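Visitor:
Number of protein chains: 2
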Amino acid sequence: MTATVLPLRPAREPSLTAMVDLVAADMNGVNAVILERMQSKVALIPELAGHLIAGGGKRMRPMLTLASAALLDYTGTRHHKLAAAVEFIHTATLLHDDVVDGSGTRRGKRTANIIWGNPASVLVGDFLFSRAFELMVEDGSLKVLKILSNASAVIAEGEVEQLTAQRRIDAGEEQYLTIIGAKTAALFAAACRVAPVVAEAGEDAELALDSYGRNLGIAFQLVDDVIDYASDEQTMGKGVGDDFRDGKMTLPVILAHARGAPADRAFWAAAMAGERATDADLAHAIGLMRATNALADTIERARHYGRRAIDALAPFPAGKAKAALTEAVEFAIARAY
Amino acid sequence: MTATVLPLRPAREPSLTAMVDLVAADMNGVNAVILERMQSKVALIPELAGHLIAGGGKRMRPMLTLASAALLDYTGTRHHKLAAAVEFIHTATLLHDDVVDGSGTRRGKRTANIIWGNPASVLVGDFLFSRAFELMVEDGSLKVLKILSNASAVIAEGEVEQLTAQRRIDAGEEQYLTIIGAKTAALFAAACRVAPVVAEAGEDAELALDSYGRNLGIAFQLVDDVIDYASDEQTMGKGVGDDFRDGKMTLPVILAHARGAPADRAFWAAAMAGERATDADLAHAIGLMRATNALADTIERARHYGRRAIDALAPFPAGKAKAALTEAVEFAIARAY
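Chains S and B, in that order, are what the protein sequence lines are. Whatever position you read off the first sequence (first residue = 1), add 2 for this note's numbering. Whatever position you read off the second sequence (first residue = 1), add 2 for this note's numbering.
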């Protein structure tokens, strides 16, 4: 086994500022669609949806749709509705995820299921999901509908697989990659891919941006799964150690378990089974991850997918959009530090 | 106030046999699509979905799509996928409803949420919902997509409104009709309306079949809400008195409360608030409903919508399909006896 060296921190802290600036005008259009279409005469719907939608999310996925369109010099506004649809699908899955996981905090705020209860979260999620499809139907592109209905089915499939892998110490890296490829990367890929469809930029551009989004999504989730063991609650906006207590078989656990001595493997088996869930157990777990380089190597895996994402942009001309999309990858990975 | 007379029981017991026979060949096609498209490499998905889909449902909604197509002499097979999509949407809402209501039995069997847990039911519902849209996208009609994405949003809106009306004794008949028009009738209407779209039968046929389905759906739900107070567990396949214990403001409750003496109104307020939930309380509630004609008049309301459904079929020529659709209305109402 070779020793793994932590990659150096980049000279300048990468951020999403370039991307935020690039898409600012379009994002106003997207936000207008989001605000208008989350309304309902049933007051609980905008109240609950607004808690999450207005609640400090980065709008990462719609931003990717807009930045991808900018990369292709698209000058229309069709992508505003589609970016809003992407955000609605994402919000619906967050609402359902929090019910599934019994989460209590997200982005540093109490989750909707804690405030309004699981039933309301399930049903408002369904509403937003339906609204997303209404927006796509209004746009009228069957190709976009195909991309996003397929992504939605894949996401749900990934979530179910994650559920069945939970607390199963025998889940391995391949299964983990399948799960995050479905539950996270599929929507990143779709968010990027709809841009070349509306810009009519051709099949090659679609495949390139799908690849960019998919690899970025995997990198993003890998780093998220590191953060759950390596950050404090304030930084990450959700409870540190949630994955540990939920028995989620994320890559840091898989690597630490696979590389551990017999006693350590027994600890992981007990922890994932839910028998070791105290703060002391979590601290011990993090110690084992550091000793086995599990966290550093998960970040290294994320860098691999990040490089693939950036390489997927090779066919596109240099410029502000390409620079912003490139820095978004660096930002996704730098969150781990 | 005028006395209400219970309508006579029809000479022959109405049944769905004529409709089942009419669509038998097409239903084989629909079932093939359903079986094929509920598959997934994630084994829990077909396992859980199959429990409900293969579990003795009447396939009422896809049957309506097929019978409506037969009424229009449609000879293609496009409607097989669409009828399957309608059934997937329905199944997804049932899975989520059972989570929302914390139900334990449906159609005389244990519910999926009891067997596999709420998280799996939420996520498999999401999967089926996405699959429904994939099937519609494959068919390729934006008009069908618009009808069913709108119906889906309306259903979710109705479910949320039902949730907010729960345990609120001040909910009235108008709100109740809005809720059942959304949560039940919208999908009945959409199931019928997609047939004239694929048959290219024109706007008038669309509006007529939408009206047939919508009114049938309202009649169907009214009768369902009577059955919850007037049947034994075996007949109805779900727990009698579930609505009572859940504090659902259905029409029998609304009428009995509105017509009750002050002491009775106090009983209803306490019961809907969850403070009177024993079997003796339920028996007392049924007694009050009978004394105020609340059950009989709810059935009379159902007959009103049933007549409107049958009248909506007037433009179509007599024949097996029209007879089957007419008898389906009579069947929906006769279930109350």
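Glycine included, each C-beta is placed from N, C-alpha and C at the ideal position. Only a predicted model underlies this, so the values are computations on that prediction, with no experimental measurement involved.
1. Any Cβ of chain B within less than 8 Å of the Cβ of R337(S)?
2. Answer yes if the segment 92-109 of chain B comes into contact with the segment 120-133 of chain S, meaning at least three C-beta pairs across the two stretches below 8 Å, and no otherwise.
3. Taking 8 Å as the cut-off, decide whether the C-beta atoms of I312(S) and I335(S) are in contact.
4. V225(S) CB to nearest chain B CB: under 8 Å?
5. Does any residue of chain S have a CB that is nearer than 8 Å to the CB of Q236(B)?
6. Return the residue from the list I171(B), M21(B), A167(B) that minimises the CA-CA distance to F269(B).
7. When you compare only the Cα positions, how much space is there between D283(B) and L130(B)?
8. Return the chain-ordered ranges of every alpha helix (DSSP H) run that is complete within the segment 249-294 of chain S and spans a minimum of 4 residues.
9. What separation, rounded to the nearest whole angstrom, lies between the Cα atoms of L150(B) and V88(B)?
10. Kindly list, in the order they appear in chain B, the residues whose Cβ is closer than 7 Å to that of G219(S).
11. Closest by CA to G31(B), which one among M65(B), L54(B), L144(B)?
12. Quick one: Cα of E205(B) to Cα of G243(S), how far?
13. Buried or exposed: where does P198(S) fall if 16 or more other Cβ atoms within 10 Å of its Cβ makes it buried?
14. Is the Cβ of E38(B) closer than 8 Å to any Cβ of chain S?
15. Quick one: Cα of M138(S) to Cα of K148(S), how far?
16. Could you spell out where the alpha helix (DSSP H) holding V242(B) opens and where it closes?
17. Pick from V146(S), E136(S), K324(S), Y339(S): whose alpha carbon is nearest that of A69(S)?
18. Can you give me the start and stop residues for the alpha helix (DSSP H) that S143(S) sits inside?
19. Please list, in chain order, the chain B residues whose beta carbon lies closer than 7 Å to that of F131(S).
20. Could you name the residues of the same chain whose beta carbon sits closer than 7 Å to that of L297(B), not counting the 5 residues immediately before and after it, in chain order?
21. Only counting the same chain, and skipping five residues up and downstream in sequence, which positions put a Cβ closer than 6 Å to that of G249(S)?
22. Can we count G262(B) as close to the ligand SAH, meaning its CB is less than 7 Å from some heavy atom?
23. To the nearest angstrom, report how far apart H81(B) and A34(B) are at their CA atoms.
24. Taking one C-beta from the segment 46-55 of chain B and one from the segment 152-159 of chain B each time, how about it: are there three or more such pairs within less than 8 Å?
25. Give the interface partners of E163(S) over in chain B, defined as CB-CB distance under 7 Å, in chain order.
26. Give the straight-line distance between the Cα atoms of L46(B) and R267(S), rounded to the nearest whole angstrom.
27. With a threshold of 6 Å on Cβ separation, who are the neighbours of G160(B) within its own chain once the five nearest residues in sequence on each side are excluded?
28. Return yes when the Cβ of A326(B) is within less than 8 Å of the Cβ of I256(B), no when it is not.
29. Just mark K43(S) as buried or exposed, buried being the case when its beta carbon has 16 or more other beta carbons within 10 Å.
30. By the DSSP assignment, the alpha helix (DSSP H) with T180(S) in it spans what residues?
31. Does the CB of T166(S) have a neighbour CB from chain B at under 8 Å?
32. Using a Cβ cut-off of 8 Å, which residues of the segment 141-152 of chain B contact any Cβ in chain S, in chain order?
33. Could you pull the DSSP bridge partners for K60(S) from this structure?
Guide: Considering the structure as presented:
1. Not a single C-beta of chain B is nearer than 8 Å to the C-beta of R337(S).
2. Short answer: they touch.
3. No; because the gap between Cβ atoms is not below 8 Å, this pair is not in contact.
4. By this cut-off, V225(S) is not an interface position.
5. Reliability fails at Q236(B), whose pLDDT of 48 lies under 50, so the model's placement of it is uncertain and the value that follows must be treated cautiously. With its beta carbon at least 8 Å from every one in chain S, Q236(B) lies outside the interface.
6. With distances taken between Cα atoms, F269(B) lies closest to I171(B).
7. Each residue's alpha carbon lies about 39 Å from the other.
8. Secondary structure in the segment 249-294 of chain S: the alpha helix (DSSP H) runs of 4 residues or longer, each lying completely within the stretch, are 253-261, 264-274, 281-293 in chain order.
9. In a straight line, the C-alpha of L150(B) is about 8 Å away from that of V88(B).
10. Residues of chain B passing the Cβ test: none, with the nearest at roughly 18 Å.
11. A check of alpha carbon separations from G31(B) across M65(B), L54(B), L144(B) identifies M65(B) as the nearest.
12. Computed Cα separation, rounded: 57 Å.
13. Classification for P198(S): buried.
14. Using a Cβ-Cβ cut-off of 8 Å, E38(B) does not count as an interface residue toward chain S, since no Cβ of chain S sits closer than that to its own.
15. The C-alpha of M138(S) lies about 10 Å from the C-alpha of K148(S).
16. Careful: V242(B) lies outside any alpha helix (DSSP H) and carries neither H nor E.
17. With distances taken between CA atoms, A69(S) lies nearest to K324(S) out of V146(S), E136(S), K324(S), Y339(S).
18. That residue, S143(S), is in no alpha helix (DSSP H); it is neither H nor E in DSSP.
19. Residues of chain B passing the Cβ test: F131.
20. Excluding sequence neighbours, L297(B) sits near V228, Y231, A232, P254, M291.
21. So the qualifying residues of the chain are Q168, R169, M274, G276.
22. Absence of the ligand SAH is noted for the structure shown, with no ligands found whatsoever.
23. Just so you know, the alpha carbons of H81(B) and A34(B) end up roughly 13 Å apart.
24. In this structure the segment 46-55 of chain B does not touch the segment 152-159 of chain B; the number of beta carbon pairs closer than 8 Å is below three.
25. Per Cβ cutoff of 7 Å: V44.
26. Straight-line Cα distance between these residues: approximately 28 Å.
27. I181, A184, K185, listed in sequence order.
28. No. Outside cutoff.
29. Result: exposed.
30. First-last of the alpha helix (DSSP H) with T180(S): 175-182.
31. At least one CB atom of chain B sits nearer than 8 Å to the CB of T166(S).
32. Within the segment 141-152 of chain B, the residues whose Cβ lies closer than 8 Å to some Cβ of chain S are G142, L144, L147, K148, S151, N152, listed in chain order.
33. Residue pairing by DSSP leaves K60(S) without any beta bridge partner.
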